[in-house]
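Per our numbering, the very first residue in the sequence shown carries number 401; after that it's consecutive. Beneath this line is the structure, given in structure tokens, with notes to follow.
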Amino acid sequence: MATWLYRIGEAAARRAWAVILTWVLIVAGVAGAYTAFHGKLSNTFTMPGTQTQQLSDELAQRFPSANRGSGQIILTTGDGTALTEEQKQAFSAALSALPSEVPSVDAVTDPFTTTSKLAEAKTQLDEAHAKIDAAPSQIEDGKKQLNAATSQLEGGMKQIADNEKKLDDSQEQITAGRKQLDDAQKQLDDAQAQLKDGYAQAEAAGSPAAMMEQLNTQQAQLTEQQNALNQQRDTLAESQKQVDAGRAEIASKKDELAEGKKKLDEQRNQLQKTENDLPAQREQLERQQKLYDFTSGYRMVSEDQSTAIATVSFKKKIYEVPSAELQKVMSDIESANLHGATVQFDANLSESAIGGGSHTGEVAGMAIAFIVLMVMLGTLVAAGLPILMSLVGVVVGVLGTLSLSSVVEMSSTAYTLGLMLGLAVGIDYSLFILNRYRTNLLDGMPKVQAIALANGTSGNAVIFAASTVIIALVALNVTGIPFLGVMGNAAAFCVVVAALIAVTLTPAVLSLAGTKIMSKKLWASIDTPQKIAERRVQDAERTEKPNGWLRLVLARPLLTLVVGTLALLAVAAPMSQMRLGLPDASNYPSDSAAYKSYALVKDKFGEGMSAPLVAVAHTPANMSEEQAQQAQIDIASAVKERGGANVQAVVPGGMTDDRTLMIFQVIPAHSASSVETEELVHELRAVTVPVQGSEVSLGIAGQTSGNIDVSEVLAQKLPLYLGVVMGLSFLVLILVFRSIMVPLVASVGFLFSVLASFGAVVSIYQLGFMSSLFGVDHPGPVLSFLPTLLIGILFGLAMDYQMFLVTGMREAYVHGKDAATAIVSGYNHAVRVVVAAAIIMISVFGGFIFADSTMIRPMGFGLAFGVLVDAFIVRMTLTPAIMALLGDKAWWMPKWLDRLTPNMDVEGAALSEKMSENIQHERESAAADSGGKLGSE
């Protein structure tokens, strides 16, 4: 590897412009790829296999509206006065325009419309209660009225019966009269016949006058009797008409009474049905009342009427909505004339729409790095070269990573981590090669050879150091957590690019830098062979003499070890209280839009309104509507009872058409990142409710529960990952140092560095110790994936410092120096560049402590503090102390293991010795040639 890198360095030095042009084309290529293929980044972290993700996938299929992104817009007067109708109407008008103005907006929930509908629902329920309560007395009054009507009907029937009897009596009399008239008529007809016979006899007798007179008298009597009979018959006919009319009237009244009876029967049946249905109606009303009562803790307009919350629902998840459209939502509302009212936006809208943000901290870190390089290297060119290399590296690494963001779900943290690491290792890797190049020049080597040898020695160490970092980062994939794997891969890619630039572009630029790589004073110290020789002697003497800090460490190694260990344990102690989580709006800086909206909602509605949970219940099939309503009540009641004071409200959110899946919106009483909300999620997941003979368990989904699930899984994976990294570090260091104790010391030292870093992060970002100094306005749980990332990254960096410091000690020991002298020689050989590299790392990482993102801040601090502890305490203090106490035992290794272990010439010592021999031979040959010429003359 060293020889191969030597050739690469030599080729790059001789063909510098070709190498530079190649990297220019690479930069242009990744910039074009980024422009063409970059996608939207996410600040939401999901994890396959968790309950939240499983329910989220199911809701996406069966209840899509419950699985889309949303954001809150808060309208307020700002001074506590009630919103005016004018302000309400203006806000409602601006909201209603959003679906037509912004393509991704699916719907808008108007707080005033919703509040009005809730008020109408309450009025309807109150009216229904009044009707139900009045129904029993109304039923009794109805029964009384029906009984009275029945009595009237029976009286009418009796009267009809009496009238019918009278008519029957009249009919009998008429019939008897008719019979009498018929008998009288017969007698009269018989008399008329006799009279007719009398007339006939009279005519036969010659009509005697006396007989005719008698007959005429009899005829007059009969006529009079006939007239009387006719008059009686007319009277009977009139009576018959009256009887018939009476019967017709009675028949009509009978029909009326029958119709009345039918109506009374119907009314009686209806009244009975109403009375029978009353318990069911009362139960139905009670169910509706209970469902309504569950919303009592859910308000969209504050009690003082000064603030209102509108919800904007999108057609896709919030991180899939283009930033421009989120910005459009906010700008449209802000530009509306709200007549003195103001609006604020929750984190989903304000943070998702934010672009790159301010990079003041990163610039400050780079400025400090430049100052350190200036102090160490002495020229602007030398100081600027590592920074230039790191910038090229992050451009390629970050843009290359972001080019894949359209096909790989990627968080903004992933590329920021790559940016952070790319800057830090990019400077350090180039610095290591630059420093070795300057050393080679000071040793009298020609420029190209000095560059090639620096690339073959320090470049080899850079490749090995980069490999350890890359392995640790790629190993994040073994956790089985996709977003963490993406972070590791993105950061590893940036480290790969930094290493490639260090061993290709750095040699090319060094060859063009010429004499500007060192100060004139330094060049003057090696302008003759004699000065070079004197410098070598001075360096050798200086290397074997302990100075400064090392002298203090070696003077009292045991005391140093005890004090250093106790100090690290004290710093690490708060780690026992570490609680993992993901930041929510309650942890944002006080001046951020997200926190301002959160604080306003907390003050007016309760902090849980910013962190709703989605409860999901799978219910039995074939339930009726009434059974489904009762199931909703039973489940919501169980949630309220189990959650207790931690639940502000439970709002039934609907069900599928087949009533087999129900969702509920649960408003916690505390923020998303609080201990109480975390406990609430666990409590609700333990809820079981009997529904139609089946035990229905409750599932919890939503962003809040998703964050809790992610944190718990990461906490479970952390010991495994730490064990893998510790084991890996031990094995790698055995290969490098061919020792048992040195790798053991290095691995344990790494563990102490990590624990101290954890403790410091917990102290500041969770417990609030000196939080104001680091801009932590609202301490909260530690970023859930931070410990895992710290382990991976600090492992790689710790191995860098261990290798650069201790490999020199090993080389000195192998070449015959005693253990004590070897410690001093190796330490002095590398300490200057390690100190500079560590300070640069701390500066770059520290620049992210005041980043805009609340996720990046603790990450920057953890890495900066971890490097500080590992480089200055573990590697430069405790490691020399322990090795001084161990003496020769530090380098002990079983013979069988020594035979099996391959020789890992990390710093290219063999190549360096070979080149030194070649240079010495060339010098001797040159001296001999010069002496021969002088003799011949």
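In this text, a Cβ means the ideal position worked out from N, Cα and C, and glycines have one as well. Just so you know, these numbers come straight off a predicted model, no measurement behind them.
Closest by C-alpha distance to residue i, when choosing among the options
i, options, result
"D479", "T707, K517 and S723", "T707"
"R1042", "K653, H1082, M1062 and H1070", "H1082"
"L726", "S504, A534, L1144 and G598", "S504"
"G1147", "Y1165, I1191, E572 and E1112", "Reading off the sequence shown, one finds Ser at residue 1147, where the question assumed Gly. Nearest option by C-alpha distance: I1191."
"V348", "E809, Q587, T816 and M611", "Here the chain has residues from 401 to 1337 only, and residue 348 is not among them."
"V502", "P722, A433, Q472 and R578", "P722"
"T1277", "F1064, G964 and P882", "G964"
"V953", "P1280, E554, Q524 and S858", "P1280"
"G1106", "A970, G1044, L1013 and L1144", "L1013"
"L1197", "K440, K1217, A764 and V1267", "V1267"
"F1272", "M1283, L1297, Q1202 and I1249", "Q1202"
"E683", "T711, E1026 and M845", "E1026"
"A972", "S990, A620, S1153 and Q614", "S1153"
"R838", "I917, R1299, L905 and A866", "I917"
"L546", "K531, G660 and Q1048", "G660"
"N877", "Q688, A892, T1019 and T1056", "A892"
"R633", "W423, Q585 and A861", "Q585"
"A413", "L912, S1010 and S1253", "L912"
"I473", "Y998, D1109 and D1003", "Y998"
"G697", "L1114, E1076 and K1004", "K1004"
Cutoff 7 Å; reference residue i; Cβ partners in own chain excluding five residues on either side
i, result
"S639", "S570 and I574"
"F437", "S803 and S806"
"E1095", "T1088"
"F1265", "S1157 and A1160"
"A1230", "F1204, L1205 and G1208"
"Y406", "A852, L853, N855, G856 and L1311"
"T1301", "I1134, L1135 and R1138"
"A610", "none"
"I1239", "V772"
"N563", "G646 and I650"
Neighbourhood of residue i by C-beta, 6 Å cutoff - its chain only, sequence neighbours within 5 removed
i, result
"E656", "none"
"A814", "V886, M887 and A890"
"G778", "S919"
"V1233", "N835"
"G471", "V712, D746, N748 and L749"
"P957", "A1281, A1284 and L1285"
"S1171", "I1164 and P1179"
"S1243", "G765, I768 and A769"
Three-state secondary structure (DSSP) of residue i
i, result
"F463", "coil"
"G439", "coil"
"A1101", "strand"
"L615", "helix"
"H529", "helix"
"H1018", "strand"
"G478", "coil"
"A955", "helix"
"A471", "The amino acid at residue 471 is misidentified as Ala; the sequence shows Gly. Note: G471 maps to strand in three-state DSSP."
"M1126", "helix"
"A418", "helix"
"G981", "strand"
"I1067", "strand"
"S1253", "coil"
"M1055", "strand"
"P1012", "coil"
"P1179", "coil"
Own chain residues within Cβ distance below 8 Å of residue i, not counting five before or after
i, result
"T514", "M700"
"H739", "T484, E486, Q487 and A490"
Closer than 8 Å to chain B by CB, residue i
i, result
"K673", "The structure shown contains no chain B, having only a single protein chain."
Whole-Å CB distance - residue i paired with residue j, under 8 Å assumed
i, j, result
"V1269", "L968", "7 Å"
"L1155", "P1258", "No, L1155 and P1258 are not in contact; Cβ-Cβ is about 16 Å, not under 8 Å."
"M1126", "L1144", "At roughly 11 Å, the Cβ-Cβ gap does not stay under 8 Å, so M1126 and L1144 are not in contact."
"T868", "M1199", "4 Å"
Hey, which unbroken runs of the alpha helix (DSSP H) at 4 residues or more fall wholly within the stretch 704-768? As far as the stretch 704-768 is concerned, its whole alpha helix (DSSP H) runs of at least 4 residues are 723-735 and 747-750.
Which runs of the alpha helix (DSSP H) at least 4 residues long sit entirely within the stretch 880-921? Give them in chain order. Here the runs fully enclosed are 882-913.
Segments of 4+ residues assigned as alpha helix (DSSP H) that fall wholly inside the stretch 1186-1217: If we require 4 residues or more, the alpha helix (DSSP H) runs fully inside the stretch 1186-1217 come out as 1186-1214.
Within the stretch 783-853, ranges of the beta strand (DSSP E) (whole runs, at least 3 residues): Runs of the beta strand (DSSP E) inside the stretch 783-853: none found.
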